[in-house]
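Sequences listed follow chains U, R, L and X, in order. So in the numbering used here the end of the first sequence lands on 779, straight run, no missing numbers. So in the numbering used here the end of the second sequence lands on 295, straight run, no missing numbers. So in the numbering used here the end of the third sequence lands on 183, straight run, no missing numbers. So in the numbering used here the end of the fourth sequence lands on 268, straight run, no missing numbers. Quick reminder that beta carbons are idealized off the backbone N, C-alpha and C, glycines included. Let me begin by presenting the structure, written as structure tokens, before commenting on it.
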Amino acid sequence: MSNKYIGKAVTRHDAHDKAMGRIKYTDDMCDKGALVIRVLHSTVANGIVKSIDTSEAEKVPGVVRIFTCFDIKEKHYYPTAGHPWSTDPSHQDIADRLIMTDRPLFYGDDIGAVVAEDEVAASQALRILEKSVEYEELPFVLDAQEAMKEGAPQLHEKYPNNVLAHTEIHMGSVEEAIKEPGLTKVEGWYETQPVQHCHIENFICYAYGEGGRTVVVTSTQIPHIVRRVIGQALGMDWGKFRVIKPYVGGGFGNKQDVLYEPLCAWISIQLGGRLVKLDVPREETFISNRIRHAIRYHITSWMRPDGSFAARTIKAWCNNGAYSSHGHAIAAKGLNAFPQLYPCDNIDGETWTVYTNRSVAGAMRGYGMPQASYAFECHAEDCARAMKMDPLEFRRKNLMPVGYYHAFSKNELYSDTFNQCFDKGAEIIGYYDKVEKYKNQTGDIRRGIAVSTFWYNTAVYPIALETSSCRIVMNQDGSVQFQLGETEIGQGADTAAAQMIAEELSIPVDMVHPVSCQDTDITPFGTGVYASRGTYTLGFSVRQTALLLKEKVLEAAHQFTRMPVYNLDLVDGKIVRTTDGRELMTIGELALSKLYTTDGSQHLTAESTYQIKSNAYSFGCCFAEVEVDIPMCRVRLLNIVNVHDCGQVINPILASGQVHGGMSMGIGYALSEKLMWDEKTGRPLNNNLLDYKLSSFMDHPRLNAAFVENYEPTSAYGTKGLGEPPACPVAPAIRNAIGAATGVYINELPLSPHTLFREFTDAGLINDPWRNEQGKESK
Amino acid sequence: MYDIKALYEAESVQDAIRLLQEHPEAQILAGGSDVLVQIREGRRAGVELVSIYMLDELRGVSIDEEENIRIGSLTSFSHITKDPIIQKYINVLGEAVDMVGGPQIRAIGTIGGNTCNGVTSADSASTLMAWDAIIELTGPEGVRRVPIKDFYIKAKVVDIRPAEIQTAILIPKESYDRCFGHYIKYSMRNALDIATTGCSVNVRLSDDKKTFERVRIGYGVAAPIPCRAYTAEAFLNGKEINDENIKKFAETVLEDINPRDSWRAGKALRQHISVVMAERALRESIRLAGGVVNE
Amino acid sequence: MSKQYKVVHCTINGKEVEQIVDVRASLTDMLRNDFRLTSVKKGCEVGECGACTVIIDGEGFNSCIYLAVWAEGKEIWTLEGLTGPGGELSDIQQAFIDEGAIQCGFCTPGFIMTSWEIVNSGKEYSDDELRKLLSGHLCRCTGYENIFRAVKKTMLRHLGKFEEAEKVNSQGIADYPEPMPFM
Amino acid sequence: MATQLLMAKDPAEAIGSKTASAAFIAGGTEVNRLGSDIAAKADTLISLKKCSGLADIRKEDGCLTIGSMCTFQQLIESDDVPAYLKEAAHFMASRTKRNMATIGGNIAAARSDSYLIPALHAAGAVLNICCKEGECASVAIADYLDEQDKYTDALIVSVSVPTDIVLVSKRYANTAQSHAVLTASAALRDGGLHMAGAVKNVGILHFCDLEKAFMDDPDISEDAIVKMVRECTGLHTSDDMFGSDDYKRYLIGVTVYDLHRQLRGKEV
């Protein structure tokens, strides 16, 4: 039977309020009288805070209180990652953070805080305070491999050589396999850069005392986890805190970490529960929140003459920054994907997660896969070229085949996803004609087209707990409210859930009201949104809960219609006798009767938890067509198409919106975004929206999102993850397209003018006659 | 809220001058797109400000009696771009200021502020240099006019005397008559960005459009202050329009500019780009002037 | 040190108002704190992201780097002002909803104000001109695609070109006959 | 509706700007109370809060000059103010209101339940009033109340009251906070008997007939006095929420009789 709401372009339930501008984000809800907190950040990349003289700063009119790392009497180290807690200590995240530390490990670490009546007083005091800190400066290290060498500065005692974790995978025997005659060896170093989430709403939270507890209103993806971590950070019962998440202005993983909620709650408590607000300025969001891991890869493949893989090795160094945050999970995900995307019998792989004196890397859309996809797909292109095979055919030959089963995760590729996506994308962009057209071009302006794919799964089973809870309450008119543990951060999870409930209960979707603002006192437990788990995981608990509620409704209907439950059904908001299709009463009449009957009145509600024990591959590809202006070292993206198999699409407009957003993040990742530090001082160089080159409206062509809908058998509504996959294949596709246009294949990101100039010069595409004459060395 | 010690709002130019004399510490606030941002960053926190934003008398573009194009210093970028006089005689200036930041910045930013903050990356500066603009300053001793090449002293320092404000920017007729130009802004993204290097070229061709009567080329971010490549200009003036001369002209700019090495861009890249832009801007200027480059 | 205050007379969303402001306040501060117009958002406070854009005398400005005292005598429009007395949405707001141009919604107010200025200009802009006019706003969720479609469709409808508006679809594969050197 | 507020610096400025459409505001308990239309009718309020020279209390040979802006609470806490006037001030039960209400304001309001006027009237208080043309005059409070319209644009600067007289007062109200149906005072001074009262919804009355009755026959009976008041045609009381006409007349009778009896007990 065709769905009434699933798969339809239902308008976002909050679109109207957002278009009117009346939607309330955290700052909009905070009372104007709140005290302002500004964090005092370390201005050394590694060191010890000897003293902080607050006397001068305290004189600034309007300053209420100044806290320093020395005010922390009991040091409660706490983990910040938005992972579900584990009762098994060996699985728990590393607890290495303090709300304020006297041992700063990166430029921008938190060593104090000013509390003032307004932002001007706060910033005045902060500037004075910054000059009254006495540090013992220590040598620092910024590069992951450098940090592992003997004699490098040690950040955490328990982790010698700054290695947070080191894992390996071995299959078959590479040593033996490479003895096979006639093999072609392809080797490459691939370097990805640190980037930042740049959600337009900076992180912000405020806290106040109420009823003997502390309420924290925060812009977060993980309210329940935030409550637990505040408890851990302050050494207090978790129930002493209530966390409220209003609408969020984008998260992308940065708000999947606990950021300043503990510090903000602690300060409110020190001030007797006064209302205090901590609004992070953009410049501090860049360096003192979370960034994406910069990962360096070394991949080697031995190819047989027929273009198949005989053996492969991979090494990956993952720069984690000063604290653990998500720990080894990001590196592990990349390594785990390597043998699956291009299966091979003989594989040796290892990866390190390394501490450095840089901003802390955490979760960012893709969680290690955009980095891995860049390395894997650049390498795949290099292999195809080495074997003189068409890159697309090379991929079709070597990619994970239909029926592939991964024992550990129990994931299975049920459909011929890769080929379907390649075919659809090629057809939309006109790939084959353009490949012909753009063969062996010359001249200053050249064009190229290429394709790249990626590996991705959905949610985090079996690595960590996957659970989802839902509560649905029916009103007297038959309409319902529902609450979920999965948070709305702009991706449309609420609307997708509403469509599912409307479908399951067969009532109009505008009678299904999401309670979007989450409150740990009221909302059922949930671990929030990350790992593209939203629609997939909430589907399980939503369907289960909706069915429970339907049972109660039909049970009640039996009472009023005298018909047996097995002859009743709920169709288009009416109780229907299935034997002859007669409509017996409307859902409104039923709900009213059941609630107000004097014989067995009952409130119609259902609540349940579903623990998800399955995962789902969510693959796709990106076709990019570029025009390269070689003399000016500029790339113009002519056309770009992403094709994704995310199972059954719940809402085409919301789904394509997710793909557009991922593609946009991929374009910036490919061409312009990079966080930079001063090698000599460890100071960040471009932590603002002017010098950090986020793509503007004029840096994007039209974005095309297409879907291949293979119903996912393990999923409640046939859906699979879609939040992160679109960010993965774009950068390699653009790199390969530039290669196709110019013959220069670059193994580093971003592909900015600086990089292109150096690579084009080395490749001889740029050779200024005047440079040789005047002997100016070019570097 | 900004960390401003005091704000004095001038009602007229004379009132502004009086306020500046009364408060010698005070700095001038025009559109504020630079000053207010620097206050927030702390560099100018706690300053006294004399706001001249309300002085409509300093807005607008006109042709004065000496046939100079007169641009009021408080004219916003967006109004310059849309002004018919600019479009007719010096359209390149309209195009150049149309590349500053985004539409909203161009609505508030003023050409006076853009030139007075003395920054070499100012999008208007390289074009004004290339068109020998005259900066008009009004102060306690009355009106003073300074050629823009002398107005810029060193990085972030311009020739403004105490209690003086910039009131207009003039383009003499001799400068714009029969003259066509093109500006290229090289930046890392196509909007909301600061020039890595800016190159503005203009030409006046002979009547038969075969030879260069006068060529001028100005650069932003190729030196601590906006500059001209005089050697390259001298080489090309009077020469025939052909590929060889154009290429030689483009290479000769290197003798006049000395871009620095920084994390924003390496010296080698800046040099290379400056040469490529010189050629492309020149060719476009020739096209605009109706000239044809014979191979 | 005593604070400096000034009375500002201006029109906000069609209503004449008077407000005492601290001369240090930005227009964003005045609109958000004194008039509770919380659609005006703070994303960077340095005039980069466009989330604070309001219309002043017909032109879009970043209100975060615009002093409140400069609003004297000006006519200011924020997103709250575009909705009719009975809650009727303007066509540009409806287009943002219909085209899926809204995700997290934080950049939406700024974008809609600039778009409102564009579609009410009565002019027809090319695709590249549209991109340039909207380039003062940063968005991380949408990749600008659906926003572009919403603005283009509304612009065409304002010009009475309804069929052409419906043809603005998402399958935007463009062909560029000539090379486009960067200049 | 009053849109202008003028903070008068001195009496000259206060009087100078007092036009027909302007109103003085002293303590504000009268102008700002619920139901008052003073502010509504005026276009300007002239505040005397910061007006110099109206708040001090000066002792001069046997009598006291009290600035019109002295508050009830200042009267109570002052060492110089005679006991009878403190007692009258205490009639205003609310401490916070006493901190605001002024003696000048109470007189100018001339309410029919005034706290102070009966005592001031019985004591023979004299008001020092300044008019527009700058000249000031001393006016007995009885005369001021008789021709109050003459003084609408004038300012009461101070009130002079005798200190060494015997004066007793009585006030009847349902609760401490509610309006009094009768406030009456009787005094022995200048060799004579002076009685006055404020009767709700009637006004300030000078009981000269009763004074004469007591003077003529100090032992006159209570019934006679009550009968006299009941039959007094000059008195126009009416039934209202504060009591019936008969009740008020009876109350006046027994009260003045009681006051007179107290005075005789305290004959100096």
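Do you know how far the Cα of residue j is from the Cα of residue i?
| i | j | result |
| --- | --- | --- |
| U:C198 | U:N567 | 55 Å |
| U:P729 | U:S415 | 20 Å |
| U:S349 | U:A380 | Looking at the sequence itself, residue 349 of chain U is Gly, so the reference to Ser does not match. Cα to Cα, the separation comes out at about 16 Å. |
| R:R260 | R:V203 | 28 Å |
| X:D17 | X:K97 | Before going further, note that residue 17 of chain X is Ser rather than Asp in the sequence given. Straight-line Cα distance between these residues: approximately 28 Å. |
| U:E777 | U:T761 | A caution first: U:E777 carries a pLDDT of 48, below 50, which makes its placement in the model too unreliable to give a value. |
| U:W352 | U:N704 | 36 Å |
| R:G102 | U:Y536 | 40 Å |
| U:E150 | U:L465 | 37 Å |
Given residue i, which residues of its chain have a CB within under 6 Å of its CB, disregarding the five upstream and five downstream residues?
| i | result |
| --- | --- |
| U:T605 | V473 |
| R:Y8 | L19, V50 |
| X:F91 | Y115, R171 |
| R:R144 | L137 |
Report yes if the C-beta of residue i is less than 8 Å from at least one heavy atom of the ligand MN; otherwise report no.
| i | result |
| --- | --- |
| R:R264 | For the ligand MN, the structure offers nothing, since it holds no ligand at all. |
Measuring alpha carbon to alpha carbon, tell me which residue in the options is nearest residue i.
| i | options | result |
| --- | --- | --- |
| U:L570 | U:R562, U:F560, U:Q559, U:E583 | U:E583 |
| U:C344 | U:R396, U:S656, U:A310, U:Q145 | U:A310 |
| R:D301 | R:V97, R:T110, R:V201, R:L137 | With chain R running from 1 to 295 in the structure shown, residue 301 of chain R is simply not present. |
| X:Q262 | X:V181, X:K200, X:V168 | X:V168 |
| U:S90 | U:D423, U:M387, U:H328, U:D348 | U:H328 |
| L:H9 | L:K74, L:E117, L:Y66, L:V54 | L:K74 |
| X:L54 | X:V157, X:L64, X:I225 | X:V157 |
| R:F151 | R:C116, R:I86, R:R44 | R:C116 |
| L:L130 | U:F697, U:I766, U:E759 | U:F697 |
| U:P246 | U:D27, U:C69, U:I445, U:G723 | U:D27 |
Pull the bridge partners of residue i from the DSSP assignment, please.
| i | result |
| --- | --- |
| R:T110 | R:S76 |
| R:F180 | R:V203 |
Below 8 Å CB to CB, which residues in the same chain sit around residue i once its five sequence neighbours on both sides are set aside?
| i | result |
| --- | --- |
| R:A278 | C199, V201, I217, A229, A232, F249, A250, V253 |
| X:N201 | S112, T237, S238, D240, F242 |
| L:A71 | V8, C10, L27, M30, I56 |
| X:V268 | Bear in mind that a pLDDT of 47 at X:V268, under 50, signals an unreliable position, so the model cannot answer this. |
| R:I85 | V61, S62, I63, I69 |
| X:P11 | C51, S52, G53, L54, C130, L155, V157 |
| R:E57 | S12, V13, G72 |
| U:D31 | L275 |
| U:I428 | F623, V641, V643, N704, A706 |
I'd like the list of long-range same chain contacts for residue i, defined as Cβ closer than 7 Å, with 5 residues on each side in sequence excluded.
| i | result |
| --- | --- |
| U:A265 | A207, T214, V216, I230, L234, F241 |
| U:Y405 | E412 |
| U:E187 | T300 |
| R:V119 | K156 |
| R:E25 | E48 |
What residues in the region 83-100 of chain L bring their beta carbon closer than 7 Å to a beta carbon of chain U?
T83, L89, Q93, F96, I97, G100
Give, in chain order, every residue of the region 183-195 of chain R whose Cβ lies closer than 7 Å to some Cβ of chain L.
Residues I184, A191, L192.
Looking at chain R, which residues of the region 110-123 of chain L have a Cβ within less than 8 Å of any of its Cβ atoms?
Cβ contacts with chain R come from T114.
What residues in the region 689-707 of chain U bring their beta carbon closer than 9 Å to a beta carbon of chain R?
Taking 9 Å as the Cβ-Cβ cut-off, the region 689-707 of chain U approaches chain R at L689, L690, D691, K693, L694, S695, S696, F697, M698, D699, given in chain order.
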